[in-house]
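Participant: Residue numbers (the UniProt record's numbering): 1 to 486. A virtual CB, placed ideally from N, CA and C, is assigned to each residue, including glycine. Just so you know, these numbers come straight off a predicted model, no measurement behind them.
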């Protein structure tokens, strides 16, 4: 028996030794410093840079042909380096080469997300005081603002030509690369639109996330809305008589309404991943500097990192060397200490701790108590009082009370909800879906109450039925009122 056991172990060991070990390949960014050429780059300069990248990587992989297959970006304009698919051992060896400044993994960054211009006296044209820096700067006339984000929606009036005088500045070398039927056309306001997705594709393939590949499209069009929002905030044209579903009616405008704008799409709608990959961000920086932008704007980022390990810090450094200031958001984390991102000293980092506006949705209880919540949904008509009931009180027979109070799908007894205002606790499912479940159950309205963890954070969502989102303390008062009247 022992002889047989030993033989089996020896046999397994033999097969283990002769079985090929498949090395895992990932995407990396290899940085080599700066190119020697200036802002004016010839075709010969560009080809020489690409050839040098192939030669360097080929010395590790065995041939220039293998290097060409591995490299998916050559940063050839101003950032000197390349992005490639490599084995971890290859990346480690490459990092020790004397010509290599750094080898960074191709990580993902996240999107960050206003009337911030009144402090600069940027209001309607006819009331801007003569002392305003915006009047002296002619509202950013002919300044070219580039935005690295999720793209642009070109049909938005914020990117129309109204108020734009003259043709595209002659120094501009960019354009709209997207010629598909769903593409982004250029005009005298939106003078540039490019997309970069090879870093995102390389990451998904290396992580075997093939089901996510259809989300990466060859278009600069903004399907998320974030890029259109941030670009119009920076340089959107004047658009009169706008509102948020009837609230806040007024004139929309960017900080530099007469500026020219260019969108560089580097962010893709990948759930739970981040979507803005460093390799794509580096390529966008390289293109934007070459295209001749005057200002770079980014509302994306990641947790604080060392400057040499942060592609936004590195790209911004290259931009500033060419006289191009870079403006970045500080992020959506906090208020804890050390949560701001994009904090390299050569970046103009913008943050805010408060917001001085609300989309109010007041509620009044039968005992006269009033609370002010938030919502973008239409209010209930008139001043009629409706019965209040919690999700826990109308749970379906097969549901648990801890699920029905959260108004999760298939947890509510429709016959008990119909014609009432349903009170749901935040958590466990999306805020919008809770309203959908309330509507499906026949509720006339919903009060969404924060749990303890959510505290005082209330959101102005566009709900499918009249809704008010209230904070934790107010929610506890509403629950107490309901249970005291039963």
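Please go through the same chain and pick out, in chain order, the residues whose beta-carbon is closer than 6 Å to the beta-carbon of residue 394, but skip the five residues on each side of it.
Facilitator: Here residue 394 refers to the residue found at position 394 of the chain shown. Here the set comprises 412, 413, 416 and 417.
Participant: Considering only residues of the same chain and omitting the five flanking positions on each side of residue 90, which have a CB-CB separation below 8 Å?
Facilitator: The residue given as residue 90 occupies position 90 in the chain shown. Closer than 8 Å at the Cβ level, and outside the excluded window around residue 90, lie 60 and 61.
Participant: Please name the residue in 404, 481, 396 and 191 whose C-alpha comes closest to that of residue 428.
Facilitator: Your numbering for residue 428 matches position 428 in the chain shown. The option with the nearest alpha carbon to residue 428 is 404.
Participant: So for residue 270, helix, strand or coil by DSSP?
Facilitator: By 1-based counting over the chain shown, the position of residue 270 is 270. In this structure, residue 270 counts as coil in the three-state DSSP scheme.
Participant: Name the one or two DSSP bridge partners that residue 260 has.
Facilitator: As a working mapping, residue 260 is identified with position 260 in the chain shown. Residue 260 pairs with 144.
Participant: Whose C-beta lies closer than 6 Å to the C-beta of residue 257 among residues of the same chain, with five residues either side of it excluded?
Facilitator: The count along the chain shown starts at 1 and reaches residue 257 at position 257. Taken in chain order, the residues that qualify are 139, 237 and 238.
Participant: Could you tell me which residues DSSP pairs with residue 412 in its beta bridges?
Facilitator: To locate residue 412, count along the chain shown from 1; it is residue 412. DSSP lists 395 as partners of residue 412.
Participant: Report the residue ranges of all beta strand (DSSP E) runs contained in full by the UniProt domain "Inhibitor I9" (27-112); include only those spanning at least 3 residues, in chain order.
Facilitator: 71-75, 79-87, 102-105 and 108-111
Participant: Just the C-alpha distance for residue 288 and residue 294, rounded to the nearest angstrom, thanks.
Facilitator: As a working note, residue 288 is residue 288 in the chain shown. As a working note, residue 294 is residue 294 in the chain shown. Rounded to the nearest whole angstrom, the C-alpha separation of residue 288 and residue 294 is 9 Å.
Participant: Can you confirm whether the stretch 30-49 touches the stretch 100-112 when touching is taken to mean that 3 or more C-beta pairs between the two stretches lie within less than 8 Å?
Facilitator: yes
Participant: Residue 329 and residue 466 - do their beta-carbons sit closer together than 7 Å?
Facilitator: Counted from its first residue, the chain shown places residue 466 at position 466. Counted from its first residue, the chain shown places residue 329 at position 329. No, these two residues do not count as a Cβ contact at 7 Å.
Participant: What's the gap between the Cα of residue 284 and the Cα of residue 210?
Facilitator: Walking along the chain shown from the start, residue 284 turns up at place 284. Walking along the chain shown from the start, residue 210 turns up at place 210. Answer to the nearest angstrom: the Cα atoms are 24 Å apart.
Participant: Which runs of the alpha helix (DSSP H) spanning at least 4 residues fall entirely within the stretch 408-485, listed in chain order?
Facilitator: 414-417, 431-440 and 472-484
Participant: For the alpha helix (DSSP H) that residue 499 lies in, which residues bound it at each end?
Facilitator: Since the first residue shown for the chain is 1 and the last is 486, residue 499 is missing from the structure and cannot be characterised.
Participant: Pull up the distance between the alpha-carbon of residue 357 and that of residue 93, whole angstroms please.
Facilitator: As a position in the chain shown, residue 357 is number 357, starting the count at 1. As a position in the chain shown, residue 93 is number 93, starting the count at 1. Taking the straight line joining both Cα atoms gives about 54 Å.
Participant: Quick one, are the C-beta atoms of residue 109 and residue 195 less than 7 Å apart?
Facilitator: Here residue 109 refers to the residue found at position 109 when the chain shown is read from its first residue. Here residue 195 refers to the residue found at position 195 when the chain shown is read from its first residue. Contact: no.
Participant: When the cut-off is 7 Å and only beta carbons count, does residue 190 lie next to chain D?
Facilitator: The question asks about chain D, but that chain is absent: this structure has only one protein chain.
Participant: From residue 42 to residue 75, what distance separates their C-alpha atoms?
Facilitator: Reading the chain shown from its first residue, position 42 is the one you call residue 42. Reading the chain shown from its first residue, position 75 is the one you call residue 75. Those two C-alpha atoms are separated by around 14 Å.
Participant: I'd like to confirm the pairing. Which residues does DSSP put opposite residue 195 in its beta bridges?
Facilitator: Start at 1 with the first residue of the chain shown, and residue 195 comes out as number 195. In the DSSP output, where bridge partners are listed per residue, residue 195 has 265.
Participant: Give a yes or no on contact between the stretch 418-438 and the stretch 448-461, applying the rule of three or more CB pairs nearer than 8 Å.
Facilitator: yes
Participant: Given 8 Å as the limit, is there contact between the stretch 273-282 and the stretch 199-209, that is, 3 or more CB pairs closer than that?
Facilitator: yes
Participant: Count the other CB atoms within 10 Å of the CB of residue 126; is the residue buried (16 or more) or exposed (fewer)?
Facilitator: Numbered from 1 along the chain shown, position 126 holds the residue referred to as residue 126. Low local confidence applies: a pLDDT of 46 at residue 126 is under 50, so the model's placement there is unreliable, with the coordinate-based value given in what follows. So residue 126 ends up on the exposed side.
Participant: Of all the options 87, 221 and 306, which has the alpha carbon lying nearest to the alpha carbon of residue 148?
Facilitator: Counting from 1 along the chain shown, the entry for residue 148 is found at position 148. Nearest option by C-alpha distance: 221.
Participant: Can you find at least 3 beta carbon pairs, one from the stretch 169-178 and one from the stretch 322-336, that sit closer than 8 Å?
Facilitator: Taking a cut-off of 8 Å for Cβ pairs, the stretch 169-178 and the stretch 322-336 do not touch, as fewer than three such pairs fall below it.
Participant: What number of angstroms, rounded off, separates the C-alpha of residue 67 from the C-alpha of residue 50?
Facilitator: Within the chain shown, the letter at position 67 stands for residue 67. Within the chain shown, the letter at position 50 stands for residue 50. Rounded to the nearest angstrom, the two C-alpha atoms are 11 Å apart.
Participant: What does the alpha-carbon distance come out to for the pair residue 146 and residue 323?
Facilitator: Residue numbering aside, residue 146 sits at position 146 when the chain shown is read from its first letter. Residue numbering aside, residue 323 sits at position 323 when the chain shown is read from its first letter. Roughly 14 Å between the two C-alpha positions.
Participant: Identify which residue in 286, 334, 318 and 292 has its Cα closest to the Cα of residue 303.
Facilitator: Looking up residue 303 in the chain shown gives position 303. Taking only the C-alpha atoms, the option nearest residue 303 is 334.
Participant: Quick one: using the 10 Å Cβ neighbour count with 16 as the cut-off for buried, is residue 83 buried or exposed?
Facilitator: Working through the chain shown from its first residue, we reach residue 83 at position 83. It counts as buried.
Participant: Rounded C-beta distance between residue 233 and residue 248? I'm assuming under 8 Å.
Facilitator: Indexing the chain shown from 1 puts residue 233 at position 233. Indexing the chain shown from 1 puts residue 248 at position 248. At roughly 15 Å, the Cβ-Cβ gap does not stay under 8 Å, so residue 233 and residue 248 are not in contact.
Participant: By Cβ distance below 7 Å, which residues in the same chain neighbour residue 443 in space, the five residues on each side in sequence not counted?
Facilitator: Counted from its first residue, the chain shown places residue 443 at position 443. Correct list, in chain order: 417, 420, 421, 422 and 465.
Participant: Considering only the alpha carbon of each residue, which of 151, 69, 439 and 374 lies closest to residue 231?
Facilitator: Within the chain shown, residue 231 is the residue found at index 231, counting from 1. Nearest option by C-alpha distance: 151.
Participant: With H, G and I counted as helix, E and B as strand and the rest as coil, what does DSSP make of residue 331?
Facilitator: Here residue 331 refers to the residue found at position 331 of the chain shown. Collapsing the DSSP output to three states places residue 331 in coil.
Participant: Let's see if you can read the secondary structure: which residues bound the alpha helix (DSSP H) around residue 317?
Facilitator: The residue labelled residue 317 in the question sits at position 317 within the chain shown. Run containing residue 317: 311-321, per the alpha helix (DSSP H) assignment.
Participant: Taking the C-alpha atoms as reference points, what is the distance between residue 181 and residue 218?
Facilitator: Here residue 181 is taken as the residue at index 181 of the chain shown, counted from 1. Here residue 218 is taken as the residue at index 218 of the chain shown, counted from 1. Rounded to the nearest angstrom, the two C-alpha atoms are 11 Å apart.
Participant: Would you mind sorting residue 106 into buried or exposed? The rule is 16 or more other CB atoms within 10 Å of its CB.
Facilitator: Locating residue 106 in the chain shown gives position 106, where the first residue counts as 1. With 16 or more other Cβ atoms within 10 Å, it is buried.
Participant: Considering only their Cβ atoms, is the gap separating residue 319 from residue 344 smaller than 7 Å?
Facilitator: For the purposes of this step, residue 344 is taken as residue 344 along the chain shown, with counting starting at 1. For the purposes of this step, residue 319 is taken as residue 319 along the chain shown, with counting starting at 1. No.
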